[in-house]
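Take a look at the structure below.
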Amino acid sequence: MCVLAGVIHTFSNQSESPVGTLNLDTPSGWEHYMRDLSKAAKTGRSPPR
209 MCVLAGVIHT
219 FSNQSESPVG
229 TLNLDTPSGW
239 EHYMRDLSKA
249 AKTGRSPPR
């Protein structure tokens with residue numbers, strides 16, 4: 209699956225079997241956004257922009 213920036217998307221497993229994912233994100237830096245998003249969710253604040 210290729211998801212372009214700014215496109216709303218979802219993924220679900222429609223089977224009874226377990227599923228795993230491997231995300232390859234470019235450009236680099238996405239991991240920092242995800243870390244900040246996780247912290248924001250725990251504190252109830254919006255993530256930094």
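Residue numbers are given in this note's numbering: position 37 of the sequence shown equals residue 245, and the series is strictly consecutive.
Even glycine gets a Cβ: it sits at the ideal position worked out from N, Cα and C.
Original post:
Could you check where the alpha helix (DSSP H) with residue 243 kicks off and where it finishes?
Top reply: Start and end: 238-251.
Subject >> Nearest-angstrom Cα separation, counted from residue 241 out to residue 217 >> reply: Rounded to the nearest angstrom, the two C-alpha atoms are 17 Å apart.
Original post:
How many angstroms separate the CA atom of residue 226 from the CA atom of residue 246?
Top reply: Between residue 226 and residue 246, the C-alpha separation is close to 24 Å.
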